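Residues in the sequence shown are numbered consecutively from 41, following our numbering.
Note sheet for the following structure.
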Amino acid sequence: MANTYSSNLKSYACNDTKSRGRLFAEDTPVYRNNYQRDRDRIIHSAAFRRLEYKTQVFVNHEGDLFRTRLTHSLEVAQIARSIARELGLHEDLAEAIALSHDLGHTPFGHAGQTALNQCMKDHGGFEHNLQSLRVVDKLEQKYADFDGLNLTFETREGILKHCSLVNATKLGDVGQRFVDKTQPSLEAQLTDLSDETAYNNHDVDDGLRYGLITIDELLDIELFKTQHDIVTKKHSSLSQRRMIHEIIRRMINVMVVDLIDTSRKNIEQAELKTIDDVRQQHQPLISFSENMTAQKLELKQFLRTRLYQHYQVHRMSKKAGAIIQALFDAFMDDTRILHPETRESCIELEKTRGDAGLARGVADYIAGMTDRYAIVEYERIFNPRQLSFASLIP
Ligand code: MG
């Protein structure tokens, strides 16, 4: 008998026994529910393992203490599961969405995505959200019966957080909500805000550790200052590291508590009965209070100007962009330098879709690289000192 997830599940939550199903029909697993199976397939995918060596803001090899996309995804899953459990929503589904939401990211974080999107501007562009869906629908190729991981509709819906109207119409069922302007499941909504909660807080931590921002600067930010004052009043002689951790863990906590309280009120007011009621709402029901939204925006704005636009981050982004652009141009110019397997899938795409197909294949290859693999691949192709045959072998 399948292990259905029933404890405390609300009538308007996603229910694994009533899933809209998978692209390729499969039997329900024996001892797991359908969303657990999704989560397990994600964890066993190659794209998931590669998250360990991909970064958001800082390049992976710069320090062992910084977040990677893997640890970020685990933090998002932790926050999402807490919220889902408290609101009576499906925890396994929230976890599956959280662990897969960043699978389509390029190496070198946002700089990599911007560069690859630029490379692809005449071939349909590149968007990490769409790419995450492409990874789980097509690019992971190891199951006998289907390409991709064949995940449920509900997990795929959660992965596709944003989508242009043009792309939405090409995606079938999972893109339909962008055309209809309806809402995704509450599990998808809460995972989206868990993502923000995780990175806003861990970027403060990483930024401080890296010395790009200071506690003094952060005291202008209400969300930080409130918790800072509580911690320093309670503990007068804490080491800086402990103090920072105390402040950040409290910031995460007040944000999560605010989100749960506000969302619970929204849900009550909407008088939801089924998941269809969730979908028909004019706006998401999972939200922060107005006050917390304003505080969160203040913090985001601070991170944008002081951290993401710091000249040292810009320098790294410039270098990362140049690597991506050079790799893309080299592969497009001469596919013979690609590994035969990669070349074969690129040529396959070229056959059906011409140049745009070839470019998509090259973009898939580059997007799948980790930070360090992209650097090594660049060296292999462009470093004149690496002319020995051994150094060219992947
Ligand atoms: Mg994320």
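Ideal Cβ positions, reconstructed from N, Cα and C, are used throughout, including at glycine.
Small disclaimer: the values here were computed from a predicted structure and weren't measured.
Name the residue from Lys265, Leu205, Ile363 and Ile82 whose alpha carbon lies nearest to the alpha carbon of Phe422. Residue mapping note: residue 422 aligns to position 382 of the sequence shown, counting from 1. That would be Ile363, whose Cα lies nearest to the Cα of Phe422.
Which of helix, strand or coil does DSSP assign to Thr410? Along the sequence shown, read from residue 1 onward, the residue named residue 410 stands at position 370. If DSSP states are grouped into helix, strand and coil, Thr410 belongs with coil.
Compute the minimum distance between the beta carbon of Tyr239 and the heavy atoms of ligand 1, and state whether it is under 7 Å. The count along the sequence shown starts at 1 and reaches residue 239 at position 199. Checking every heavy atom of ligand 1 against the Cβ of Tyr239, one is found closer than 7 Å.
For Thr146, which three-state DSSP category applies? Residue mapping note: residue 146 aligns to position 106 of the sequence shown, counting from 1. Note: Thr146 maps to coil in three-state DSSP.
Can you tell me whether His141 sits near ligand 1, meaning its C-beta is under 7 Å from at least one heavy atom of the ligand? As a first step, residue 141 is located in the sequence shown; it is residue number 101 there, counting from the start. Flag set: Cβ of His141 near ligand 1.
Could you tell me which whole alpha helix (DSSP H) segments of length 4 or greater appear in the region 300-358? 315-319 and 330-342
Tell me the DSSP secondary structure of Thr237 in three-state form. Numbered from 1 along the sequence shown, position 197 holds the residue referred to as residue 237. Three-state DSSP puts Thr237 in a helix.
On a CA-only basis, which of Arg81, Asn48 and Arg289 is nearest Tyr183? Give me that one, please. Taking the first residue of the sequence shown as 1, we reach residue 183 at position 143. Of the listed residues, the one whose Cα sits closest to Tyr183 is Arg81.
What span of residues does the alpha helix (DSSP H) with Glu126 cover, start to end? Residue numbering aside, residue 126 sits at position 86 when the sequence shown is read from its first letter. That run of the alpha helix (DSSP H) goes Arg109 to Leu127.
Distance, Cα to Cα, Asp220 vs Lys336? Within the sequence shown, numbered from 1, the residue matching residue 220 stands at position 180. Within the sequence shown, numbered from 1, the residue matching residue 336 stands at position 296. In a straight line, the C-alpha of Asp220 is about 29 Å away from that of Lys336.
Mind checking Arg121: buried by the 16 CB within 10 Å criterion, or exposed? Within the sequence shown, the letter at position 81 stands for residue 121. Classification of Arg121: buried, given that the 10 Å Cβ count is 16 or more.
Would the region 83-94 and the region 408-418 be scored as touching if the rule is three or more Cβ pairs under 8 Å? Contact holds between the region 83-94 and the region 408-418, because three or more Cβ pairs, one in each stretch, are under 8 Å apart.
Three-state secondary structure assigned by DSSP to Arg72: Position 32 of the sequence shown, counting from 1, holds the residue named residue 72. In the structure shown, Arg72 sits in coil (DSSP, three-state: anything other than H, G, I, E or B).
Please return the same chain residues whose Cβ sits closer than 7 Å to the Cβ of Ile288, not counting the five positions on each side in sequence. Counted from its first residue, the sequence shown places residue 288 at position 248. Closer than 7 Å at the Cβ level, and outside the excluded window around Ile288, lie Asn241, Val244 and Asp245.
Say the cut is 7 Å; is the CB of Val116 nearer than that to a heavy atom of ligand 1? By one-based count along the sequence shown, residue 116 stands at place 76. Correct: Val116 has its Cβ closer than 7 Å to ligand 1.
If you measure from the CB of His379, is any heavy atom of ligand 1 nearer than 7 Å? Mapped onto the sequence shown, residue 379 falls at position 339. False, no ligand heavy atom lies under 7 Å from that Cβ.
Any chance the CB of His285 is under 7 Å from a heavy atom of ligand 1? For the purposes of this step, residue 285 is taken as residue 245 along the sequence shown, with counting starting at 1. No, ligand 1 has no heavy atom inside 7 Å of this Cβ.
Between Lys305, Ile284, Tyr75 and Glu257, which lies nearest to Val271 when the distance is taken from Cα to Cα? Start at 1 with the first residue of the sequence shown, and residue 271 comes out as number 231. Out of Lys305, Ile284, Tyr75 and Glu257, Ile284 has the C-alpha closest to the C-alpha of Val271.
Going by C-alpha distance, which of Pro424, Asp404, Val416 and Arg412 is nearest Val175? In the sequence shown, residue 175 corresponds to position 135, counting from 1. Nearest option by C-alpha distance: Asp404.
Run the proximity test for His112: is its beta-carbon closer than 7 Å to any non-hydrogen atom belonging to ligand 1? Within the sequence shown, the letter at position 72 stands for residue 112. For His112, the distance from the CB to the nearest heavy atom of ligand 1 is below 7 Å.
Distance cut-off 7 Å: Asp243 Cβ against heavy atoms of ligand 1: Start at 1 with the first residue of the sequence shown, and residue 243 comes out as number 203. Because no heavy atom of ligand 1 lies under 7 Å away, the Cβ of Asp243 does not count as near it: no.
Which stretch, first to last residue, makes up the alpha helix (DSSP H) that contains Arg174? The residue labelled residue 174 in the question sits at position 134 within the sequence shown. Run containing Arg174: His168 to Arg174, per the alpha helix (DSSP H) assignment.
Taking the C-alpha atoms as reference points, what is the distance between Ile315 and Asn48? Mapped onto the sequence shown, residue 315 falls at position 275. Mapped onto the sequence shown, residue 48 falls at position 8. Distance between the alpha carbons of Ile315 and Asn48: 16 Å.
Can you tell me whether Thr266 is helix, strand or coil according to DSSP? As a first step, residue 266 must be located in the sequence shown, where it is residue number 226. Helix at Thr266.
Check each candidate in Asp56, Thr111, Phe166 and Asp187 and name the one with the smallest Cα separation from Phe34. Residue 34 lies beyond the residue range present for the chain, which begins at 41 and ends at 434; the question has no answer from this structure.
Which one or two residues does DSSP pair with Arg62 in a beta bridge? Numbered from 1 along the sequence shown, position 22 holds the residue referred to as residue 62. In the DSSP output, where bridge partners are listed per residue, Arg62 has Thr192.
Measuring alpha carbon to alpha carbon, tell me which of Leu143, Ile137 and Tyr52 ends up nearest Ser85. For this step, residue 85 is matched to residue 45 along the sequence shown. The shortest Cα separation from Ser85 among Leu143, Ile137 and Tyr52 belongs to Leu143.
Which residues in the same chain as Leu110 place their Cβ atom closer than 7 Å to its Cβ, once the five residues preceding and following it in sequence are excluded? Walking along the sequence shown from the start, residue 110 turns up at place 70. For Leu110, where only same-chain residues beyond five positions count, the Cβ hits under 7 Å are Leu91 and Glu92.
Within 8 Å, strictly: CB atoms of Leu170 and Asn207: Mapped onto the sequence shown, residue 170 falls at position 130. Mapped onto the sequence shown, residue 207 falls at position 167. Cβ distance < 8 Å, so Leu170 and Asn207 count as in contact.
Can you give me the C-alpha to C-alpha distance between Phe264 and Thr254, rounded to a whole angstrom? For the purposes of this step, residue 264 is taken as residue 224 along the sequence shown, with counting starting at 1. For the purposes of this step, residue 254 is taken as residue 214 along the sequence shown, with counting starting at 1. Between Phe264 and Thr254, the C-alpha separation is close to 12 Å.
Give a yes or no on whether the C-beta atoms belonging to Cys159 and Gln365 are separated by under 8 Å. Taking the first residue of the sequence shown as 1, we reach residue 159 at position 119. Taking the first residue of the sequence shown as 1, we reach residue 365 at position 325. In contact: Cys159 and Gln365 (Cβ atoms closer than 8 Å).
In the structure shown, what three-state DSSP assignment does Phe371 receive? Against the sequence shown, residue 371 aligns to sequence position 331. Phe371: helix per DSSP, three-state reduction.
Out of curiosity, what's the CA-to-CA distance linking Arg72 and Leu127? Residue numbering aside, residue 72 sits at position 32 when the sequence shown is read from its first letter. Residue numbering aside, residue 127 sits at position 87 when the sequence shown is read from its first letter. If I take the Cα positions, the gap works out to 22 Å.
Within 10 Å of its beta-carbon, does Leu179 have 16 or more other beta-carbons around it, so buried, or fewer, so exposed? Taking the first residue of the sequence shown as position 1, residue 179 is located at position 139. That one is buried.
What does a CB cutoff of less than 7 Å around Met41 pick up in its chain, not counting 5 residues either side in sequence? In the sequence shown, the residue the question calls residue 41 occupies position 1. For Met41, the predicted model reports a pLDDT of 42, less than 50, meaning its position is unreliable and no value from the coordinates is stated.
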